[in-house]
Amino acid sequence: MGQVILFLALLHLVSAYWDKQHTNGEISYLLNDISKECPDISHVYQLDDGGDKYTAGGNNLTVIVFAKYPFSEVPGVPEFKYVANMHGNEAVGRELLLRLAFDICKRWRNMDPKISRLVGTTRIHLLPTMNPDGWEKAYKSDEKMREDIGRLNKNRTDLNRDFPDLDQKVFNYAFDNGPTDHLYNYTKEKNKGRFQKETRMIMQWLDQYNFVLSANIHGGDLVVNYPYDNSPSGRAVPSKTPDHNIFLELAHSYAEFNPLMREGINASPEFDKDFKHGTVNGADWYPITGSMQDYNYLATNAFELTLEVGIPKFPPAEELENYWDQNREALYNFMAQVHRGIKGSIHGFDGQKLTVLANAVVSVTNTTDPNNAIPITHNIWSGSNGYYYRLLNRGRYTVTFKALGYVPAIVCVTIDHVPEWKSSLQEAKILNAVLFKEEIRPSPQLMSQVNFKDTINSYGDTRCGNLSSRIDAQQRVSRHWKSTRTDSIKSDVVLAPII
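By the UniProt record's numbering, the letter at position 438 of the sequence shown is numbered 438, and the numbering carries on one by one without gaps.
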C-alpha cells in the first residue's frame, strides 16, 4: 500500500508540474524520484569528463536508463538513447524526455505488455538536457526573449558545431574509396581541450556504450533531419550516406507517427522549404560542420537523427501538454526501430577454444535485386563483448564477418519485417558468427568439436548471385554442425567460415 501511495504522489507531482518548465535541479530530482518508483528497471547516472561531472556553469548532464538489467550491458540487448536541449533555448525536448521517463515507469508499473516488451529487450538512455547552462540563461531572461537567448553554452559555443568535422574526412576519402566508419577515436585524442566540456562528456559516453540508434531533439521547425549534415561543396544540396535508404525509413518511422510533422509543411520564418513527408536531408536543408548526428554515424556504431519537434523553441509552459500528445507515439515507435535488421555474436576459434572477437567488422551488400548488388559501404564493428547490431530495411542481404587473423564468414539473409510500435515488437534476426584462425583448415570434424551453446542450422538461403557456390559449401558445414549439436539449439544461426 505504501508503494501505491508513493507512486500516486509521484503521478500527482508530475501531472501538476507538466504545466511548467522544469529547472535543472528539478530534472535531477524528478529522474531520481522516477527511478525510486521503478528501481528494478531503472537507475540514474551523470555524464563526466574524465571524472569531472560539472559543466562550466556548475550543472550536471543527468541520464536515466531503463532496462530489464539497467546497471549493465547485456549481450543481445541493443543500446538506445535520446538526447535533448543541446541548444539551451530549445526547451521542448527536455520536457518530452521527462514525460517519457515518467510514462515508461508508470506503464511498466501498470504491467503494460508493450512497455514490458520494450524494456525487456532494450536498454534505453534518456538525457533531458545536454546544455543546462544555456537553458538557465534563457529561462532567466525575459519571456519574450527566450527564443533568442541561451542557444550557446556557458563559453558561447554552439555545441552542434563543436564535434570533430568527420564529414570532410569522409568526403576526402571518397576519392580513394576510403573508409566511411569509425573515423575517430576519442580515447586517443591528445588535445581533448579543443572541445567544450559538454561535447567531451558526450564523446566519452559514446566510447563507454555501444549505442545502436539515437535521436537528438531540437526545436525551431517541424521535421526529422538525417545525415549527412554537410556536403562536399559546402552548399545546400542533398548529401547521402551509404545508409541513405535506412536513414530515410528511420526518419519516416518518427514523422509518420507525429500527425503534424507528417504533413511536411514548414512554418518556420527562418526557412522557405517544405519537407516531403516531414523529413529532410541535413545538408540539403542547410549545411553545417561538426554536428553531433554525423559524429555518431562516422565515429561509432550509432545511427542518429535530429528531431525538430516544433516551431517555437521555448513555448509557454501551458502548451507543453500538446507537444507530448503530438510526439508520444512517435517517440515510442522510433525506439522500436533499434530492433530492425540483424544482431548477434562473433567468436573466433583456434582449434581448441572460442574467443570473443571485439572490433570484428560486419559488412553488408544489398542483394534484393540479384542483378544489381549494392554494397553498403559503411561497416559496423562488434563491441567489447563480441556482439554487433546492424540496422537494415526489408530486403535480401549478403553479410560478411571479418577479423584480423581469421578466415571471413559469409551468409545470405532475408529481412522480412521492421518493427512498429502499434503492432508487434519483433527483435532483430540473429546471426551468430564463428571465425576460424587463418592457419586452421575448417572441416565438419573440427566444427563438431566447437562447444558453442547457440548453434542451429543456417537459413538455407543460397541465392546470392555469383556467391552461391561458396554459400552452398558453407551450408553443408552448417548442416553438419546442427546434426552434431542438436542438444543446444537456442538462436537463429551460426556461420561457418568460407571454405
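Even for Gly, the Cβ is constructed at its ideal location relative to N, Cα and C.
Nearest-angstrom beta carbon gap, residue j and residue i [assumed within contact, 8 Å]
i, j, result
"TYR82", "LEU126", "5 Å"
"HIS252", "GLY93", "Contact doesn't hold; Cβ gap of about 20 Å is too wide."
"GLU79", "VAL212", "6 Å"
"HIS378", "ASP181", "5 Å"
"ILE415", "ASN393", "7 Å"
"ARG161", "GLY290", "4 Å"
"VAL223", "GLU308", "5 Å"
"ASN258", "ASN327", "6 Å"
"ASP133", "ASN59", "6 Å"
"TRP421", "ARG99", "With a Cβ gap of about 17 Å, TRP421 and ARG99 do not count as contacting."
"ILE430", "GLY344", "5 Å"
"TYR186", "ASP207", "5 Å"
"THR62", "SER28", "5 Å"
Sheet register partners of residue i (DSSP bridge)
i, result
"HIS218", "GLU308"
"HIS125", "VAL65, LYS81"
"TYR226", "ASN281"
"LEU213", "PHE80, PHE303"
"ASP52", "ASP49"
Residues near residue i in its chain [Cβ-Cβ closer than 6 Å; skip 5 each side]
i, result
"ARG390", "GLY341, ILE342, VAL362, ILE380"
"LYS313", "ASN89, GLU90, GLU147, GLY219, GLY220"
"PRO242", "THR180, ILE376, THR377, HIS378"
"TRP205", "LEU47"
"ALA302", "PHE211, SER214, ASN296"
"GLY348", "THR355, LEU357, TYR406, LEU435"
"MET261", "LEU222, ALA255, GLY278"
"ASP19", "ALA317, GLU318"
"ASN385", "PRO75"
"ASP350", "LYS437"
"ALA123", "First, the amino acid is wrong: residue 123 is Arg here, not Ala. Correct list, in chain order: ALA67, VAL77, GLU79."
Close Cβ partners of residue i (< 8 Å) along its chain, the five nearest in sequence each way excluded
i, result
"TRP135", "ASN24, ASN85, GLY88, ASN89, ALA91, ARG94, THR129, GLY150"
"LEU425", "LYS114, ARG117, LEU118, THR121, ALA336, HIS339, PRO419"
"ALA283", "TYR228, ASP229, ASN230, SER231, ALA236, VAL237, PRO238, SER239"
"LEU97", "TYR82, ALA84, LEU126, LEU127, PRO128, ILE217"
"LEU467", "Residue placement at LEU467 is poorly supported in this model, since its pLDDT is 41, which falls under 50; the coordinates are not used for a value here."
"SER141", "ILE149, GLY150"
Endpoints, the beta strand (DSSP E) within which residue i is located
i, result
"GLN46", "42–46"
"ASN281", "279–281"
Boundaries of the alpha helix (DSSP H) in which residue i is found, first to last residue
i, result
"VAL237", "Premise fails: VAL237 is in no alpha helix (DSSP H) and is neither H nor E."
"HIS87", "Careful: HIS87 lies outside any alpha helix (DSSP H) and carries neither H nor E."
"TRP18", "Taken as a continuous stretch (DSSP letters only), TRP18 belongs to no alpha helix (DSSP H), as it is neither H nor E."
"GLU37", "24–37"
"HIS252", "244–255"
"ASP167", "166–173"
"LEU206", "197–208"
"LYS144", "Looking at the DSSP string, LYS144 is not in any alpha helix (DSSP H), and its letter there is neither H nor E."
Beta-carbon contacts of residue i that lie in its chain and below 7 Å, excluding the five residues immediately before and after
i, result
"LEU159", "MET86, MET130, ASN131, ASN153, GLN196, GLU198, THR199"
"PRO315", "VAL92"
"TYR295", "PHE163, PRO164, LEU166"
"LYS192", "ARG200"
"ILE64", "LEU31, ILE34, SER35, SER42, VAL44, ALA101, LEU126"
"PHE401", "ILE346, ALA360, VAL362, PRO408, ALA409, ALA433, LEU435, LEU495"
"VAL170", "THR180, LEU183, LEU298"
"VAL4", "Note that VAL4 has pLDDT 48, beneath the 50 cutoff, so the model's placement of it is unreliable and the number below is only indicative. Cβ within range, chain order: n/a, list empty."
"HIS108", "Here the sequence assigns Trp to residue 108, which means His is not the residue at that position. Correct list, in chain order: CYS38, ILE41, ILE115, SER116, VAL119."
"VAL280", "VAL223, ASN225"
"GLU427", "THR121, HIS339"
Residue i: CB within 8 Å of a non-hydrogen atom of the ligand NAD
i, result
"PHE80", "Among the components of this structure there are no ligands whatsoever, and the ligand NAD is therefore not found."
Min CB distance residue i to chain D below 9 Å
i, result
"VAL338", "The structure shown contains no chain D; it holds only a single protein chain."
Ranges of the beta strand (DSSP E) found wholly within the region 372–448, counting only runs of at least 3
Those beta strand (DSSP E) runs which fall completely within the region 372–448 and span 3+ residues are 374–381, 387–390, 395–402, 409–415, 432–436.
My parser needs the alpha helix (DSSP H) runs of 4 or more residues fully inside the region 291–377; what are they?
Whole alpha helix (DSSP H) segments, 4+ residues: 292–299, 320–336.
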